[in-house]
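Student:
2 protein chains.
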Amino acid sequence: MEFEVKFLPEGKKTLVKEGATVFEAALKAGVDLIALCGGKGFCGKCLIEIIKGEIPPPTEQELRKIGKEKIEKGIRLACQLKVYDNLIIGVPNQSRIGKQKLVIMGVEPPIKINPNVKKFYFEITPPSLDDPRGDDLRINEILSNINNISFNYSLVKEMPSILRESNWKVTLTIVNNELINIQPGDKTKDCYGVAVDIGTTKLAVFIVDLLSGDILFADGMMNPQIKYGEDVISRIQYASQSNENLREVQNAIINGINELIEKGLKETGINKEDLYEMVVVGNTAMHHLFLGLNVKWLGLAPYAPVIGMGYNVKAREIGININPSGNVYTLPNVAGFVGADAIADILASKIYEKDNLTLLMDVGTNTEVILGNKYELLCCSTASGPAFEGAHIKFGMRAASGAIERVKIKEDFEVEYSTIDDEKARGICGSGIIDAIAEMLRTGVIDTAGRIVLENHKRVRKGEFGKEFIIVFKEETATGEEDIVITQEDIREIQKAKAAMYAGYMTLMRVGGFKKEDLFEIIIAGAFGSYIDPLSAKIIGMIPELPISKISFLGNTAGSGARICLKSIDYRKKAEEIAKKMKYIELAVMRIFEEEYINAMFLPNSRIEDFPEVMSIIKAPINVKRYVKK
Amino acid sequence: MEFEVKFLPEGKKTLVKEGATVFEAALKAGVDLIALCGGKGFCGKCLIEIIKGEIPPPTEQELRKIGKEKIEKGIRLACQLKVYDNLIIGVPNQSRIGKQKLVIMGVEPPIKINPNVKKFYFEITPPSLDDPRGDDLRINEILSNINNISFNYSLVKEMPSILRESNWKVTLTIVNNELINIQPGDKTKDCYGVAVDIGTTKLAVFIVDLLSGDILFADGMMNPQIKYGEDVISRIQYASQSNENLREVQNAIINGINELIEKGLKETGINKEDLYEMVVVGNTAMHHLFLGLNVKWLGLAPYAPVIGMGYNVKAREIGININPSGNVYTLPNVAGFVGADAIADILASKIYEKDNLTLLMDVGTNTEVILGNKYELLCCSTASGPAFEGAHIKFGMRAASGAIERVKIKEDFEVEYSTIDDEKARGICGSGIIDAIAEMLRTGVIDTAGRIVLENHKRVRKGEFGKEFIIVFKEETATGEEDIVITQEDIREIQKAKAAMYAGYMTLMRVGGFKKEDLFEIIIAGAFGSYIDPLSAKIIGMIPELPISKISFLGNTAGSGARICLKSIDYRKKAEEIAKKMKYIELAVMRIFEEEYINAMFLPNSRIEDFPEVMSIIKAPINVKRYVKK
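Quick look at the structure:
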């Protein structure tokens, strides 16, 4: 008997025989599980989490290496756990091979620091019989330059003791015109904040010094909400079912953030009390789930958010483990599928200050497409899917050791490639796939419809679902068991993904009444984007034709935007202005989008006149059908 | 064997034999316990609360009439409970004879209504594919006349459902620039608030229609904190011992207020949700204990309050049972012993608008003395004690049925008196005691030192602690058992109480550099004040000499001030201005006060030149010693 084992977050599946280990299943599925001891249960490294399915009781090795407590939470060793049911398995980062390239950094323009958190050191005149005014009045007087100071209720209960125990020499912390902390002595230098970028797949947390603006800690993890659905829509559906579900999904992300904060506090030696603010970005669904807002209507037309403006809430109210009276600020959302992360991208990329028409794409499972300059900003969201992140691609994998990241195909169809960390090839990551398809197109392995047309070559073989092109022969691979190939299906997945992005761009161009020549610059944001070869991206028609010098890659600008708003309240005002100014185009109802999507399914596009440079390079047989309006 | 039984809030004590009932003790102590069945345990009316002491298990009557649950909370029947230990017993209002005159109303000047709570009805344009902005933006747009609206976090979680279920036709409620409620349909008329006056002894709660300003419900009870100490100082001491004690004392008053609110909601049919704000006044200690603030330093020089300014806190944060996101506002405190209630008195009496010098006294266990006009306001607090409320006076009692409230002594020392509800005399309330002493002075029963000098008259007799003057012979009293007398000790108590008040006034006059002739008007506030005969008050030297037409009694103006601030935020600003303007004089360190206190111990005063009118009326032998500076 056989069972299906599915690994999250990749979503890779495989069938294994009853009694096989989860580790064997991971090997078969191409999931990069670590196993220093070679699957003997000695190293205790191949920790996995059971998300669904019946499992046998723990082995002695598991009890020894993991402990009862964790086992009760569903943590097991992949090499010890045998499969007797269909399973869904979560693979945590620390169980992955090699140092994972969890890209969380992005370009951040220099800004003038003006944080929402203000700390002041004062020596206050104590009360006397001649001046028996309230403690609050003494503080209010010395803070007279700040209007309408309010006194946090929790603090007020401690205030008289702190003032007297510190001999009235204190540091006052003010956030949003509220006095939230009083510390003995001069603690003005201990002033920190947290920036958080909640991606559908990845979570990134940064601890920032609010005086210098320095990043003191940066780390990421897979978004723990992944167990409630790999994509936004399935999480919305799960969370909409009941208040309990909503709370569960909210708690997952809150706990994840708290875990990274705790790690950051340990590494930096900062006190929790001194983390006074958190700025959070994410797409609208991630934003709403973080705040525990009802997401039901995000899944129903017209997909209106509950909160579109910037929002402030006290850390204690949502269970974020910074100073309990600290402020949590979330950036504005434009619409149900263009959220706070897009605003953060715009802030970090400065597209809102550009004179010329600029295309900004934040590439992810959903790709936000923004077209504009300082005069106007059009935006839309396209469901590009996770293919660029290696999911739904036969040998796709994340950007980890052994992933093929660059591919070159020579005239004789021989392949040159490079892998991350120069290890033996284990699979192909996003940039490798784009390279591979661009090269197959350039050399004529495929035609412009994406069909593998090369015949009678040792690298072309027949697979289960059609033709396949061999990138690495099995002898050269890490496992030595299987050829690493690009299948006809893989090509199809990439076509769909890049078509969604390009059609989004074209829709905005047409809605805005722009001509092809108006486009001056392309900015690619998103962690994955940093590794794409811009020429390959142009060749497959993922982005419009512009000189390479006009194409830039900024990395995780969502995180950068969050940090910018953490460091300066001026940029929160700017964020609100940008959100108001942005014109959202709902693609679901756009005939234009449908048309451009069909055109963009071709490589580079059936509008070949828009890709003269690409057309002059590629040897692929031309096979296009132009969309015709019926 | 004998045990002492003490009754609260009066503080009356008596010794009874082992095995006597609490009801018998109450009779002996002169506590006006009700007993329709004559102490047989049938009527179940003589409910009392055990505050301290060991008690025997309940009788069958008690189990039947009270129930196990209440018995576990220490509620028992006075006629059933036998005394086998020293006991402290609380007597609730409903167990008192006759309808209690719990005076909670006060004069309230007409004001322009401008509440802090605003309700608006709107029909909002729902989102569409052309306009998929967030729900918050739609609301923000229609509320564009209000700056910086924030959205309550609890509300935001419900917001999208309410908007859609009500078809986007909703009533919005805004408090302190925060949207705290959304209701389906037009509910603009359901807009209510609560005004609360926390006296050391009495608690008064008013439910007010915030549109019309009408009082819809007014009720009072004894301050439930009384079990932690009868006076402010002992409560401060108790609450300072630990955080648990503080919480306990806070909970007592919060629960009392909630109980009265619940009663009010039942009587008026108003929904809790529609009580959007509460305004609270009280002396500084009551204010701090209500907010759960550390009162330790209120009991230590220089007696500085924690909070001197007006303070806002969410109802949910302190457990007040109105709309959980509703606002609780407390008026400013001037100093440790001149609190929010004094500010409320000033607002209600309009002394801050007077052209001429005015004396305002809020008579209570502590008497706040305020002297001033629109130009300046001096204030102090004097520990006048509870004598005027009948405590520490042999036959003193509260203003209930059978209390002697007016006394007239004729030339032949015969006494005419009237009682509340014209019932047979049971004791003397505050106004009766003042009358009696004034009349004894006028007719020469006592000399100006307060000594009973009348000899050889059937109304003068020798008591346990010196001479006594008989007001009512026992045959005429309700019990028929004892003469109702004024003792030498009673006179001493009243001398001390009135001396404290007058010395407070004189200290302010001298600190302010005023002359006797500058005083234009006297205003007496406080529930008890309403019943004082102004001439008697002048005769005993409780207040300075002014024509009766210049003396007014406003009742419980603390409650009036709370209602004024509930009805209009303009008066909150005024309250802050007044609090800032007030000059507090700490009597504890004033030599002047000591001097004037000694002078004021005489009747009317050893400064006889300040009381020409009184001196021309009284027949009392003059026996005064003038304070001489050493």
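Chains as they are written, first to last, in the numbering used here: chain A, 264 to 893; chain B, 264 to 893. Think of the CB as a built atom: it goes at the ideal place given N, C-alpha and C, for glycine as much as any other residue.
(1) Going by the CB atoms, is the gap between residue 282 of chain A and residue 818 of chain A shorter than 7 Å?
(2) Helix, strand or coil for residue 320 of chain A per DSSP?
(3) Give the residues from the region 538-572 of chain A that approach chain B closer than 8 Å (Cβ to any Cβ), ordered along the chain.
(4) Alpha carbon to alpha carbon, how far is residue 739 of chain A from residue 533 of chain A? Give it in angstroms, no decimals.
(5) On a CA-only basis, which of B/375, B/415 and B/424 is nearest residue 389 of chain B? Give me that one, please.
(6) Residue 503 of chain A CB to nearest chain B CB: under 7 Å?
(7) Starting from residue 814 of chain B and walking both ways along the beta strand (DSSP E), at which residues does that stretch end?
(8) I think residue 524 of chain A touches residue 468 of chain A, with their Cβ atoms under 8 Å apart; what is that distance to the nearest whole Å?
(9) From which residue to which residue does the beta strand (DSSP E) around residue 837 of chain A run?
(10) Using only alpha-carbon positions, find the residue among B/714, B/661 and B/716 that is nearest to residue 689 of chain B.
(11) Indicate whether at least one CB of chain B lies closer than 7 Å to the CB of residue 766 of chain A.
(12) Is the Cβ of residue 580 of chain B closer than 7 Å to any Cβ of chain D?
(13) Taking the beta carbon of residue 343 of chain A as the centre, do at least 16 other beta carbons fall within 10 Å, making it buried, or is it exposed?
(14) Could you give the DSSP three-state label for residue 512 of chain B: helix, strand or coil?
(15) Is any beta-carbon of chain B found at less than 7 Å from that of residue 908 of chain A?
(16) Please state if the CB of residue 631 of chain B and the CB of residue 605 of chain B are separated by a distance shorter than 7 Å.
(17) Going by DSSP in three states, residue 566 of chain B sits in which element: helix, strand or coil?
(18) Specify the secondary structure class of residue 505 of chain B as computed by DSSP and reduced to three states.
(19) Please check if any C-beta of chain A sits within less than 7 Å of the C-beta of residue 598 of chain B.
(20) Report the neighbours of residue 395 of chain A on chain B: residues whose CB is nearer than 7 Å to its CB, in chain order.
(21) Roughly how many angstroms separate the alpha carbons of residue 363 of chain A and residue 295 of chain A, rounded to a whole number?
(22) Between the C-alpha atoms of residue 311 of chain B and residue 287 of chain B, what's the straight-line distance to the nearest angstrom?
(23) Measuring only the C-alpha atoms, how far is residue 603 of chain A from residue 816 of chain A?
(24) Between A/779, A/796, A/763 and A/848, which has its C-alpha nearest residue 859 of chain A's C-alpha?
(25) Does the region 502-513 of chain B come within contact of the region 550-558 of chain B, defined as at least 3 CB pairs closer than 8 Å?
(26) For the region 401-421 of chain B, which residues have a beta carbon sitting closer than 9 Å to at least one beta carbon of chain A?
(27) Between which two residues does the beta strand (DSSP E) harbouring residue 411 of chain A extend?
(28) Could you have a look at residue 654 of chain A and say whether DSSP puts it in helix, strand or coil?
(29) Can you round the beta-carbon distance between residue 672 of chain B and residue 757 of chain B to whole angstroms, since I take them to be within the 8 Å contact cut?
(30) Helix, strand or coil: which one does DSSP assign to residue 363 of chain B?
(31) Looking at chain B, which residues of the region 427-458 of chain A have a Cβ within less than 9 Å of any of its Cβ atoms?
(32) Using the three-state DSSP reduction, which class does residue 878 of chain B fall into: helix, strand or coil?
(33) Which bits of chain A does residue 575 of chain B rub up against, with CB to CB less than 8 Å?
(34) Among residues of its own chain, excluding the 5 on either side of residue 666 of chain B, which ones have a beta-carbon nearer than 7 Å to its beta-carbon?
(35) Which complete alpha helix (DSSP H) runs does the region 765-803 of chain B hold, if anything under 4 residues is left out?
(36) Should residue 760 of chain A be listed as close to the ligand MG, given that the test is whether its C-beta is under 6 Å from any heavy atom?
Tutor: With the given structure in hand:
(1) no
(2) coil
(3) 554, 555, 556, 557, 559, 560, 564, 565, 566, 567, 568, 569, 570, 571 and 572
(4) 48 Å
(5) B/424
(6) no
(7) 814-818
(8) 6 Å
(9) Residue 837 of chain A -> not in any beta strand (DSSP E); alpha helix (DSSP H) instead, spanning 833-844.
(10) B/661
(11) no
(12) The structure shown has no chain D; the protein chains it does contain are A and B.
(13) buried
(14) helix
(15) Outside the shown range of chain A (264 to 893) lies residue 908 of chain A, about which nothing can therefore be said.
(16) yes
(17) coil
(18) coil
(19) yes
(20) 565, 566, 567, 598, 599, 847 and 849
(21) With a pLDDT of only 49 at residue 363 of chain A, under 50, the local geometry of the prediction cannot be trusted, and no value is derived from it.
(22) 13 Å
(23) 20 Å
(24) A/763
(25) yes
(26) 401, 403, 413, 414, 416, 417, 419, 420 and 421
(27) Where residue 411 of chain A is concerned, there is no enclosing beta strand (DSSP E), given that its DSSP letter is neither H nor E.
(28) coil
(29) About 16 Å separates the two Cβ atoms, so there is no contact after all.
(30) Annotation note: pLDDT 49 at residue 363 of chain B (below 50); position unreliable, coordinate value reported separately. If DSSP states are grouped into helix, strand and coil, residue 363 of chain B belongs with coil.
(31) 427
(32) helix
(33) 413
(34) 660, 682, 683, 689, 690, 691, 692 and 695
(35) 797-802
(36) Looking for the ligand MG in the displayed structure turns up nothing, as the structure carries no ligands at all.
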